[in-house]
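Counting from 1, one number per residue, gives the positions in the sequence shown under the working numbering.
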Amino acid sequence: MKLRQWVVASSLAMLVACTSSTQEGTIGIQRKQFLLLPASQVDAMALQSYRGELSNAKQKGTLNTDKANLERIRKIADRLIPQVAVFRRDALAWSWEVNLESRNELNAYCASGGKIMFFTGIINQLKLTDDEIAAIMGHEMAHALREHGRERISQAYAQQAGMSILAAVTNMSAKEAGLVQMATQLALTLPHSRGQESEADVMGLELLARAGYNPNAAVTLWQKMASANKGGTPAFLSTHPSSTQRISDLNQKIAVVMPLYEAAKNSKSAVKQIVPRT
1 MKLRQWVVAS SLAMLVACTS STQEGTIGIQ RKQFLLLPAS QVDAMALQSY
51 RGELSNAKQK GTLNTDKANL ERIRKIADRL IPQVAVFRRD ALAWSWEVNL
101 ESRNELNAYC ASGGKIMFFT GIINQLKLTD DEIAAIMGHE MAHALREHGR
151 ERISQAYAQQ AGMSILAAVT NMSAKEAGLV QMATQLALTL PHSRGQESEA
201 DVMGLELLAR AGYNPNAAVT LWQKMASANK GGTPAFLSTH PSSTQRISDL
251 NQKIAVVMPL YEAAKNSKSA VKQIVPRT
């Protein structure tokens with residue numbers, strides 16, 4: 001009886017947890033999300049991780065040493081951040097930060113609450129233009145706006161709880177439980193992860209277009225990434241769409257956001273400094 005009550009309560013909690021963290025925007029983001037954990041809990045974990053990264057980089061003497069590229073990416077962020085209101089107005093009040101670590105790695109990310117980190121490797125190795133940097137930054141900002149990290153953690157919690165119930169009810173062996181968990185991973189977790197990447201692509205496309213950066217740069221960016229990562233993981237088992245699929249999807253959406261780019265390009269509005277310079 002207690003198990004049945006627990007299952008009912010859990011099911012109701014999961015129904016309540018299905019929501020959307022953002023507005024649709026011009027690009028039309030409509031997918032409902034499973035957000036079981038409190039945002040404050042996930043944000044605290046993300047901030048702790050980000051502060052740890054900054055601390056480690058400071059100790060190694062690799063934090064914000066490339067002053068030219070640091071100012072470059074901060075100026076790009078100053079133009080992108082005001083555009084987040086189209087998806088969620090509360091993000092305008094986030095304590096945005098942009099930092100640059102001298103590391104030979106093709107990576108960048110935006111943690112919850114607007115904590116952006118770039119690595120010099122992605123800028124220098126790919127010889128990125130400002131528009132292409134904006135494409136990466138917009139993509140990573142979209143992950144934070146959409147709370148994809150919170151969504152992934154919520155899925156993991158729900159999956160673990162579901163496995164515990166199933167094992168208790170059916171008396172399955174550890175080996176059988178492992179096989180079911182692997183199947184669940186393929187059927188649930190990976191498709192959602194690829195969906196998150198696609199959402200970040202199109203949301204980022206709208207952000208950079210509204211900021212006056214050429215949306216076609218998103219295509220040239222992923223072409224460069226594809227050249228730098230030849231022989232990568234097949235799309236079916238990857239959290240990222242294949243480069244060919246990604247570029248095809250972006251090309252379809254560019255026409256939607258191009259009027260936003262043209263309007264922003266012709267705007268005479270002054271760019272305000274938003275990101276702290278430290």
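All C-beta atoms, glycine included, are put in the ideal place defined by N, C-alpha and C.
**Message:** Taking 8 Å as the threshold (C-beta atoms), are Trp96 and Ile76 in contact?
**Reply:** For this step, residue 76 is matched to residue 76 along the sequence shown. For this step, residue 96 is matched to residue 96 along the sequence shown. Cβ atoms of Ile76 and Trp96: not closer than 8 Å.
**Message:** In whole angstroms, give me the CA-to-CA distance for Ile247 and Gln196.
**Reply:** For the purposes of this step, residue 247 is taken as residue 247 along the sequence shown, with counting starting at 1. For the purposes of this step, residue 196 is taken as residue 196 along the sequence shown, with counting starting at 1. Going from the Cα of Ile247 to the Cα of Gln196 covers about 16 Å.
**Request:** Using beta-carbon positions only, say whether Arg250 and Asp201 come within less than 8 Å of one another.
**Result:** Within the sequence shown, residue 250 is the residue found at index 250, counting from 1. Within the sequence shown, residue 201 is the residue found at index 201, counting from 1. The sequence shown places Leu at residue 250, rather than the Arg named in the question. Yes, Cβ-Cβ distance for Leu250 and Asp201 is below 8 Å.
**Message:** Restricting to Cα atoms, I'd like to know which of Pro276, Ser193, Glu206 is closest to Phe87.
**Reply:** Stepping through the sequence shown from its first residue, residue 87 is reached at position 87. Per the Cα distances, Glu206.
**Asked** Does the Cβ-Cβ distance between Ile122 and Asn107 come in under 8 Å?
**Response** For the purposes of this step, residue 122 is taken as residue 122 along the sequence shown, with counting starting at 1. For the purposes of this step, residue 107 is taken as residue 107 along the sequence shown, with counting starting at 1. Yes, Cβ-Cβ distance for Ile122 and Asn107 is below 8 Å.
**Request:** Report the rounded CA-to-CA distance for His139 versus Ala209, giving the unit in angstroms.
**Result:** In the sequence shown, counting from the first residue as 1, residue 139 sits at position 139. In the sequence shown, counting from the first residue as 1, residue 209 sits at position 209. One C-alpha to the other measures close to 12 Å.
**Cutoff 6 Å; reference Leu188; Cβ partners in own chain excluding five residues on either side** = As a position in the sequence shown, residue 188 is number 188, starting the count at 1. In this prediction, Leu188 scores a pLDDT of 41, lower than 50, which makes its location untrustworthy; the coordinate-derived value is nonetheless stated afterwards. Nothing listed; no residue qualifies.
**Prompt:** Is the CB-CB distance between Ala46 and Gly114 below 8 Å?
**Reply:** Translated into positions along the sequence shown, residue 46 becomes position 46. Translated into positions along the sequence shown, residue 114 becomes position 114. Not closer than 8 Å, so no.
**Request:** Report the partner residues of Leu100 according to the DSSP bridge assignment.
**Result:** The count along the sequence shown starts at 1 and reaches residue 100 at position 100. Answer is Phe118, bridged to Leu100.
**Asked** Which first and last residues belong to the alpha helix (DSSP H) in which Tyr261 is found?
**Response** As a first step, residue 261 is located in the sequence shown; it is residue number 261 there, counting from the start. Unbroken alpha helix (DSSP H) run through Tyr261: 243-265.
**Request:** Using beta-carbon positions only, say whether Asn99 and Met117 come within less than 8 Å of one another.
**Result:** Here the question's residue 99 lines up with position 99 in the sequence shown. Here the question's residue 117 lines up with position 117 in the sequence shown. Yes, these two residues count as a Cβ contact at 8 Å.
**Request:** Starting from Ala111, follow the beta strand (DSSP E) in both directions and report where the run begins and ends.
**Result:** To locate residue 111, count along the sequence shown from 1; it is residue 111. Taken as a continuous stretch (DSSP letters only), the beta strand (DSSP E) holding Ala111 covers 108-111.
**Request:** Sort Arg51, Ser55, Arg74, Lys58 by Cα distance to Arg277 and report the nearest one.
**Result:** Taking the sequence shown and counting its residues from 1, the one referred to as residue 277 is at position 277. Among Arg51, Ser55, Arg74, Lys58, the Cα nearest to that of Arg277 belongs to Arg74.
**Request:** Flag Ile81 as yes when its Cβ comes closer than 7 Å to any non-hydrogen atom of the ligand ZN, and as no otherwise.
**Result:** Absence of the ligand ZN is noted for the structure shown, with no ligands found whatsoever.
**Message:** Distance check for Met137 and Ser198, CA to CA, integer angstroms please.
**Reply:** The count along the sequence shown starts at 1 and reaches residue 198 at position 198. The count along the sequence shown starts at 1 and reaches residue 137 at position 137. So the two alpha carbons sit approximately 15 Å from each other.
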